[in-house]
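K.L.:
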Amino acid sequence: DTSGKKIALSNNYAGNSWRQAMLTSWEKVTGEAVKAGVVAAADAFTTAENQATEQAAQIQNMILQGYDAIVLNAASPTALNGAVKEACDAGITVVSFDGIVTEPCAWRIAVDFKEMGRSQVEYLSKKLPNGGNLLEIRGLAGVFVDDEISAGIHEGVKQFPQFKIVGSVHGDWAQDVAQKAVAGVLPSLPEVIGVVTQGGDGYGAAQAIAAAKRPMPVIVMGNREDELKWWKEQKDANGYETMSVSIAPGVSTLAFWVAQQILDGKEVKKDLVVPFLRIDQDNLEQNLANTQAGGVANVEYTQADAIKVIESAK
Amino acid sequence: MPKAIIEVADAKVSFGAVKALDGVTLAIAPGECVGLVGHNGAGKSTIVSVINGGLAPHQGSIASDGEVLARYGINAARSRGVRCVFQELSLCPNLTVVENTRILHRHLGGLGWRRRAKQVIEQSLDAIFPGHDINTDRTVGDLSIAERQMVEIAMAFSDAGIAPRLIILDEPTSSLDASLAEQMLAHVRRFVASGGSVILISHILHEILTTASRIVVMKDGRIVAERPAAAWTEHGLVEAMGSVVKGEAHRRAMRDLADAPVAIEHVGRGTPFRARRGEIVGLAGLAGHGQTEMLMRLHAASSADWLPRRDPAVTFVAGDRRLNGIFELWSILKNLSVAALGDLAQHGVVKGDAEAERAGEWKRRIEIRTPDMASHILSLSGGNQQKVLFARALSTRAPVVLMDDPMRGVDVGTKQEVYEIIRQEAARGRTFVWYSTEMEEVCLCDRVYVFREGAIAAELQGDAVTEENILAASFAGLAA
Amino acid sequence: MRRTLSADAMRLAIPALSLTILLAAVFWLQPRAMSYVGLNLLFNLAVPIALATIAQMLIMSVNDLDLSMGTFVSFVACVTATFLREAPLVGMLILFGVVVVYAGLGVVIHLRNLPSIVVSLGMSFVWAGLAVLLLPAPGGQAPDWVRALMTMKPPVAPMAIVASILIAIVAHFVVMRSSLGVLIRGVGGNQRSVERAGWSVVGARAAAYGLAGVFAVLAGVALVGLTTSADANIALRYTLLSIAGVILGGGEFIGGRVSPIGAVIGALTLTLAGSFLSFLRISPDWQIGAQGAILIIVLALRLLLNRLEKREKRR
Amino acid sequence: MRLLDRISRRPWIWSWFAAFLAWFATIVTGGASTLGLSQAALTFAAFSIIVGIGQMFVITLGPGNIDLSVPSTMTLAGTVALKLMDVDNAMILPGLMIAVLIGIAVGVFNYALIKALRIPPIIATLSMSFIIQSAAIWTNRGLRIKPPSVLADFTTATTLGVPNVSLVALVISVCAWFLLEKTIYGRWISAIGQSMPAARMAGIPVDGTRFVTYLFCAVLAALAGYLLACFSGGAALNMGTEYLLMSIAVVVLGGTAVAGGDSNVPGIWGASLFMFLVVSMLNTYGLGAGIRLIMTGLIIISVIMLAGGRQPGAR
Ligand SMILES: Nc1ncnc2c1ncn2[C@@H]1O[C@H](COP(=O)(O)OP(=O)(O)OP(=O)(O)O)[C@@H](O)[C@H]1O
Ligand SMILES: Nc1ncnc2c1ncn2[C@@H]1O[C@H](COP(=O)(O)OP(=O)(O)OP(=O)(O)O)[C@@H](O)[C@H]1O
Ligand SMILES: [Mg+2]
Ligand SMILES: [Mg+2]
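Listed below in structure tokens is the structure:
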């Protein structure tokens, strides 16, 4: 019985549509759970700036506030370890997701980011068997997710040597930054047949390439509604084909249920894996219809889903 | 004759086209006080900088105690006991008096320096200004301008290891009232009598005449006359400086202004302040007793902070020009025109030719010594900067002019001209509110308010405006 | 003689009062904070901020501003979590080297009369680049002695409080009491007069920058001690935090008017303000905005206290 | 020789020189297409120029004056305007109006904090930026709405080969230059930047002028946000982030005095082009993020070293 337990969400950033969708899903799912009396409280906290130090302070405050579990999307996989350890020592269950932490006492709901990068190249190798030049758009330098996805992409290129990365820019996961960076290198790039991305930057790249009046390469999208819509337009106009892949923001709700299960006394493995959410040519329309205008393609989880994930990890 | 402490031979310094020093030879012997006078921009401060080691002359040599020094700089000067009081504030306003003493005396370091520095400066302050009430643990920025000047003077005379031998005072009394100035001059005489040397620069000639043993007159970068003090008269000095000799400064004929409309007033603690149209109202009293605050209050009350006024009500001539006078990045021209831009513009756009014309007019009228009004304001000597501030205020249409001891550093000749301009403007109906530390100027006013402890203590009118009455009103109550 | 509080004392009284008020509010909202462990949790992340604030304050005392504080502390954190652990000697050498670089920056800024804002802006890119080279992905580990130091449990008061007091005392002694401190602040107050007294202003500026480098290095080391590992972006926020801390503590941008004790109190106040907000439970949409609001309130408090002080003085 | 000497005194020449070098290097050694690179540079520099000019006016007001609320103002103006227009071409003007109104509101609040609560501008605008960011989150929770087609086409198109956004920036720059160099207002802000007490005593309406300047900066930021959102196909919550440092960097690199009182419009163009081109150049060389950052920093420092050391008082 967890009806007396209090769970907190520690979030380090709210400045993009993915995080907003994540917070919305959390609010929706936990709101119902609280109403149904499954848990006593499920409060969300966001730091003003995307900084590990600030999040560490936030976690320390949660310890003081007496939460029973902390669900955590971390600014850094390692820099919060000190605070997470303090929380564990105070008897608090810590479940990290998306941005996971390496501290052994915490649970991790991870996405295989490396695989996410590698699968993009694999997809391209099927579509463009002859290979060619790729442009890589990376995220924020020095951040774990960026490093992982990029490593996966490079692994993929090693696996499919017909591809060559001719340019690599940092788009900071922001569409205007990606657009600017791509526009800056494009004039000095040879013909590019594919663009591998990290999510949130595909549409910016498409715009920069269109502005330079170059042939449109295959741009791997990141599940944002504007990307899907642009893809749909292109598809209708000239049969443009690509794929889209990203982690679903609703994974926060999975983490919530996992935390609830742990508090309930269930035996749960420390490392759980969730699949990423992939959209292909044939299920584009369906996914687009389910996505809020201007939002991100999403999946929300139920208690039953969580139990299934926990069981399958055993 | 004993060897000169410092001897400058044929020094030449020029700033661009301006020859600030054009072959100056000057020797200061132990036990003498050399008075240095000259018009604004004559080169006095420049020769001071040379003697002080802050400026290497482009030509000429410097000797000390009989030996010619090839490498002469600030530290060489200081180790020979040369000290300097600059007129512009040269203390660190964010440090306490004691900490400033530490800065000045490089050898005061080590454990317990605070105690030693306190001793050094307090001894000196007590010796020069007996009865002063300056707390040496206070931050200099919190002191009044007069107190700061006192501290600076005391600092120059203080002894912490290297005894001072030659002290240069560049207009040291400009912010001091008569009694403090007299205390300082008395100390200078004592210091000289005990074998020290002093160079005294001042535009207040009787100070020079009563204190110096030898008087040197400079004009346009040269020494034009040099005689023992006893051989000079005030008249002769003025003549040697090249100013047109006018009669004694005199109060203009009494006018009955009782019926004139009130131009500006302020009711606060003590007697209310009131100035009528066309009147010259003096603010007197000991320095730092609320005169500047009164001017600030009058200014704040009738100037707009949010919207520009079509017709300005008041204008202000700053005394502390570094703090609230000049704009350091600008040319002389822009500095002059800034207060009257409304009249020099059309639809908000400044008319360049009108501006230049107005500036040229004032350059002639008030004799600003510069080859080009477009050159930088800091290239002017201190007195000339002050003239620019005057021109700035007078060139507006404001009916009331507030003046905060505006003649600091202005030479005798120019002062007479400015007095004349003030008289003319007053006759045309302008009102002047004039704070001054110089008795002579206060006595030029139609009516005088004497300040004590932040409030008006007495009001003197007409023939009652005399030095004795003002001093009496300034000190009344204090003695009791 | 009028009895007045000295400007320095006032500079201190106001931040101290606002800290006290905020602390009272936090205790009222969350009584659990009123304990040894609670205080440590509230304040331990303030220790590196306090050190960075002192570093920024030293730079501000010579009328300059350091926009690279955040990236520099991040870089030091990366060095600490890598070299200082694996090859302590090399690590020490690097940290010593960067302090020298800081002093060198002071010299260059002075000699070429450069605006410190631009130079430090450029340096912020350099430090960030070096940090990314060192740790492309977060990682590394704090040297054990650093970790031990930061998690020490001294008797009576928790480490966070002891460390803050220690920092304040040391900085106060260096900046306010020593001859060097007087010289540095003198340069901020009136450079010309310091020059006229025969001091080397370059030397003073270099010393100020070098000292700032030392404190910033300490900030980076302390930070890693708390977080156990580093990443290239770990302390980016410290640039603005350190400036805000100096201002909250009664310092000013120009004129060499600074207060080390005030700066430490400012850093503590900033940290506490964040906690205060989490205890309030605001809607997620407005949590970020509330951080702005609390800053405004704390500074408005400063104004209020200032006013009261003035009225007191006038009486 | 005399001419060269005169030109090298111009504070803006160095940023232009650096921009040209980066442009030239990218084309010659990187093999970039001249037209493509030039167009891209003009396009993206335009946004930095617009926010940079606003920031320049504020920085001219003197030490400590800086507007950190620029990025969040851009975000709020962009999100609200796009939400209001909702892909409807008829709503373009109301959208622009609301963006400008947001700018005005931000300016009013900023100056209210600075004036009424005596909060130092850096902290006041930082606090404000948090509140604005919250407002942006609250209004539409980060949903990206597409701009009206006419506007999207206008912002991405070129006229005679020149990008439209850079033409907008040019018009704004000319107005700003005129304001600064020819009008009373320009004199006033320069005077205030040199000495606020002196400006007050010279009869300048100091508060009004400062207020208008903060207003102006916020409105320009809002305008830039509006244009950027339309240009990049929708507003994002993080879209202004990089314009915080950028707006300051282009101002100071462009030769505007950080200590206030002296501003420089042409320099902003040089610096904005340079900041874009230097990143393009390093991207073209395919250097890693770390090296790229270090190079960017070193280049910024070299530019300021060349430009610095000017004798004061060249005006
Ligand atoms: N840095 C400078 N640049 C250009 N010209 C200068 C500079 N310093 C002084 N001058 C010029 O040198 C001349 C001598 O100036 P100086 O300051 O020595 O005059 P002064 O006799 O002290 O005058 P005052 O009585 O006004 O103080 C003046 O014409 C002044 O304009
Ligand atoms: N920043 C500066 N740049 C150029 N010249 C300067 C600067 N500051 C001062 N000067 C010049 O140095 C000379 C001496 O400086 P300062 O005005 O401080 O002393 P002073 O002559 O005793 O003052 P005053 O002239 O008011 O009596 C002056 O001629 C002045 O023009
Ligand atoms: Mg002089
Ligand atoms: Mg003088």
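As they're listed, the protein sequences go chains A, B, C and D. According to the numbering used here, the first sequence is numbered sequentially starting from 1. According to the numbering used here, the second sequence is numbered sequentially starting from 315. According to the numbering used here, the third sequence is numbered sequentially starting from 795. According to the numbering used here, the fourth sequence is numbered sequentially starting from 1110. Each residue gets a CB set at the ideal place from its N, CA and C atoms; glycine is no exception.
Compute every distance between the C-beta of Val-332/B and the non-hydrogen atoms of ligand 1, then say whether any falls below 6 Å.
P.N.:
Start at 1 with the first residue of the second sequence, and residue 332/B comes out as number 18. Yes, ligand 1 has a heavy atom inside 6 Å of this Cβ.
K.L.:
Mind checking which residues open and close the beta strand (DSSP E) that includes Lys-316/A?
P.N.:
Nothing about residue 316/A can be reported from this structure: the residues present for chain A run from 1 to 314 only.
K.L.:
To the nearest angstrom, how far is it from the Cα of Ile-770/B to the Cα of Ile-1041/C?
P.N.:
For the purposes of this step, residue 770/B is identified with residue 456 of the second sequence, where counting begins at 1. For the purposes of this step, residue 1041/C is identified with residue 247 of the third sequence, where counting begins at 1. Spanning the two alpha carbons is a distance of roughly 39 Å.
K.L.:
Quick one: complete alpha helix (DSSP H) runs, 4+ long, within the segment 1274-1327 of chain D?
P.N.:
1293-1303 and 1305-1310
K.L.:
Would you give the residue range spanned by the alpha helix (DSSP H) that Cys-88/A belongs to?
P.N.:
As a working note, residue 88/A is residue 88 in the first sequence. Per DSSP, Cys-88/A belongs to the alpha helix (DSSP H) from 81-89.
K.L.:
Could you confirm whether any beta carbon from chain B is found closer than 7 Å to the beta carbon of Ala-803/C?
P.N.:
Counting from 1 along the third sequence, the entry for residue 803/C is found at position 9. By this cut-off, Ala-803/C is not an interface position.
K.L.:
In chain B, which residues lie less than 9 Å from Val-988/C when you measure between Cβ atoms?
P.N.:
Residue numbering aside, residue 988/C sits at position 194 when the third sequence is read from its first letter. The answer, in chain order, is Cys-406 and Ile-417.
K.L.:
DSSP three-state label for Glu-989/C, please.
P.N.:
Residue mapping note: residue 989/C aligns to position 195 of the third sequence, counting from 1. Looking at Glu-989/C - three-state DSSP - the assignment turns out to be helix.
K.L.:
Give, in chain order, every unbroken run of the beta strand (DSSP E) that is at least 3 residues long and sits entirely within the segment 240-266 of chain A.
P.N.:
244-246
K.L.:
By Cβ distance, which residues of its chain are closer than 6 Å to Gly-535/B, with the 5 residues on each side in sequence left out?
P.N.:
As a working mapping, residue 535/B is identified with position 221 in the second sequence. Result list for Gly-535/B: Lys-333, Ala-334, Leu-335, Asp-336 and Gly-357, in chain order.
K.L.:
For ligand 1, any of its heavy atoms closer than 6 Å to the Cβ of Ala-356/B?
P.N.:
As a working mapping, residue 356/B is identified with position 42 in the second sequence. Yes, the Cβ of Ala-356/B comes within 6 Å of a heavy atom of ligand 1.
K.L.:
If you follow the beta strand (DSSP E) that Trp-107/A is in, where does it begin and where does it stop?
P.N.:
To locate residue 107/A, count along the first sequence from 1; it is residue 107. First-last of the beta strand (DSSP E) with Trp-107/A: 107-110.
K.L.:
Find the residues of chain F that neighbour Leu-835/C, judging by a C-beta separation of less than 8 Å, and give them in chain order.
P.N.:
Reference to chain F is not applicable here, since the protein chains of this structure are A, B, C and D.
K.L.:
Any idea what DSSP makes of Pro-825/C, helix, strand or coil?
P.N.:
Within the third sequence, the letter at position 31 stands for residue 825/C. Correct three-state label for Pro-825/C: helix.
K.L.:
Taking 7 Å as the CB-CB cut-off, is His-154/A touching chain D?
P.N.:
The residue you call residue 154/A lines up with position 154 of the first sequence. Taking Cβ atoms only, chain D never reaches closer than 7 Å to His-154/A, which makes this a no.
K.L.:
With a threshold of 7 Å between beta-carbons, can Asp-147/A be considered close to chain C, or not?
P.N.:
Translated into the one-based positions of the first sequence, residue 147/A becomes position 147. Interface residue, yes.
K.L.:
Please confirm whether Arg-971/C and Asn-408/B have their CB atoms less than 7 Å apart.
P.N.:
Translated into positions along the third sequence, residue 971/C becomes position 177. Translated into positions along the second sequence, residue 408/B becomes position 94. Going by C-beta atoms, Arg-971/C is not nearer than 7 Å to Asn-408/B.
K.L.:
Considering only residues of the same chain and omitting the five flanking positions on each side of Arg-659/B, which have a CB-CB separation below 7 Å?
P.N.:
Against the second sequence, residue 659/B aligns to sequence position 345. The residue you asked about is not Arg; residue 659/B is Ala in the sequence shown. The answer, listed in chain order, is Lys-665.
K.L.:
Which residues in chain C sit within 9 Å of Met-1237/D, going by Cβ to Cβ distance?
P.N.:
Residue numbering aside, residue 1237/D sits at position 128 when the fourth sequence is read from its first letter. Here the neighbours are Gly-1086 and Ile-1090.
K.L.:
What residue from Ala-255/A, Gly-99/A, Pro-77/A and Asp-282/A has the CA that sits closest to Ala-306/A's CA?
P.N.:
Reading the first sequence from its first residue, position 306 is the one you call residue 306/A. Of the candidates Ala-255/A, Gly-99/A, Pro-77/A and Asp-282/A, the one whose C-alpha sits nearest the C-alpha of Ala-306/A is Ala-255/A.
K.L.:
Kindly say whether Gly-898/C, judged by its beta-carbon, lies nearer than 7 Å to any beta-carbon of chain D.
P.N.:
To locate residue 898/C, count along the third sequence from 1; it is residue 104. By this cut-off, Gly-898/C is not an interface position.
K.L.:
7 Å is my cut-off, CB to CB: does Gly-1049/C come that close to chain B?
P.N.:
Start at 1 with the first residue of the third sequence, and residue 1049/C comes out as number 255. Interface residue, yes.
K.L.:
Quick check on Phe-587/B: does DSSP put it in helix, strand or coil?
P.N.:
In the second sequence, the residue the question calls residue 587/B occupies position 273. Reduced to three states, the DSSP call for Phe-587/B is strand.
K.L.:
Compare the C-beta of Ala-1250/D with all C-beta atoms of chain A and state if any pair is closer than 7 Å.
P.N.:
By one-based count along the fourth sequence, residue 1250/D stands at place 141. It should be pointed out that residue 1250/D corresponds to Arg in this sequence rather than to Ala. Chain A, which has a Cβ nearer than 7 Å to the Cβ of Arg-1250/D, makes this yes.
K.L.:
Does Val-1215/D have its Cβ less than 7 Å from a Cβ in chain B?
P.N.:
One-based indexing of the fourth sequence puts residue 1215/D at position 106. No, Val-1215/D does not count as interfacial toward chain B.
K.L.:
For Ala-794/B, which residues of its own chain have a beta-carbon under 8 Å away from its beta-carbon, when the five flanking residues on both sides are left out?
P.N.:
Here residue 794/B corresponds to residue number 480 of the second sequence, with the count starting at 1. Any reading at Ala-794/B is ruled out, since the residue's pLDDT is 33, under 50, leaving its predicted position unreliable.
K.L.:
Is the Cβ of Gly-1342/D closer than 7 Å to any Cβ of chain A?
P.N.:
Numbered from 1 along the fourth sequence, position 233 holds the residue referred to as residue 1342/D. Yes, Gly-1342/D lies at the interface with chain A (some Cβ there is under 7 Å from its Cβ).
K.L.:
Which residues in the same chain have their Cβ closer than 8 Å to the Cβ of Val-820/C, if we skip the five residues on either side of it in sequence?
P.N.:
Looking up residue 820/C in the third sequence gives position 26. Its chain contains Ala-827, Leu-836, Leu-1066, Ser-1069, Phe-1070 and Phe-1073 as the residues whose beta carbon lies nearer than 8 Å to that of Val-820/C, once the 5 sequence neighbours on both sides are disregarded; these appear in chain order.
K.L.:
Pull up the distance between the alpha-carbon of Arg-118/A and that of Ile-165/A, whole angstroms please.
P.N.:
Walking along the first sequence from the start, residue 118/A turns up at place 118. Walking along the first sequence from the start, residue 165/A turns up at place 165. Going by the C-alpha atoms only, they are around 13 Å apart.
K.L.:
Hey, quick one: how far does the beta strand (DSSP E) through Pro-542/B stretch, first residue to last?
P.N.:
Here residue 542/B is taken as the residue at index 228 of the second sequence, counted from 1. 536-542 is the span of the beta strand (DSSP E), which, as asked, contains Pro-542/B.
K.L.:
CA-CA distance, Glu-461/B and Pro-344/B?
P.N.:
Within the second sequence, residue 461/B is the residue found at index 147, counting from 1. Within the second sequence, residue 344/B is the residue found at index 30, counting from 1. Taking the straight line joining both Cα atoms gives about 29 Å.
K.L.:
In terms of alpha-carbon separation, which member of Met-1237/D, Ala-1154/D and Leu-1336/D lies closest to Ser-1181/D?
P.N.:
Taking the first residue of the fourth sequence as position 1, residue 1181/D is located at position 72. For the residues Met-1237/D, Ala-1154/D and Leu-1336/D, the minimum Cα distance to Ser-1181/D belongs to Met-1237/D.
K.L.:
Out of curiosity, what's the CA-to-CA distance linking Arg-345/A and Asn-298/A?
P.N.:
Residue coverage of chain A in this structure runs from 1 to 314, which leaves residue 345/A outside it and unanswerable.
K.L.:
Assign His-520/B to one of three DSSP states: helix, strand, or coil.
P.N.:
By 1-based counting over the second sequence, the position of residue 520/B is 206. Helix, per DSSP.
K.L.:
Consult DSSP for Tyr-1394/D and reduce its assignment to one of helix, strand or coil.
P.N.:
Within the fourth sequence, residue 1394/D is the residue found at index 285, counting from 1. Three-state DSSP puts Tyr-1394/D in coil, outside helix and strand.
K.L.:
Under 8 Å between beta-carbons, which chain C residues line up against Asn-81/A? List them in chain order, please.
P.N.:
The residue you call residue 81/A lines up with position 81 of the first sequence. Per Cβ cutoff of 8 Å: Thr-1021, Thr-1022 and Ser-1023.
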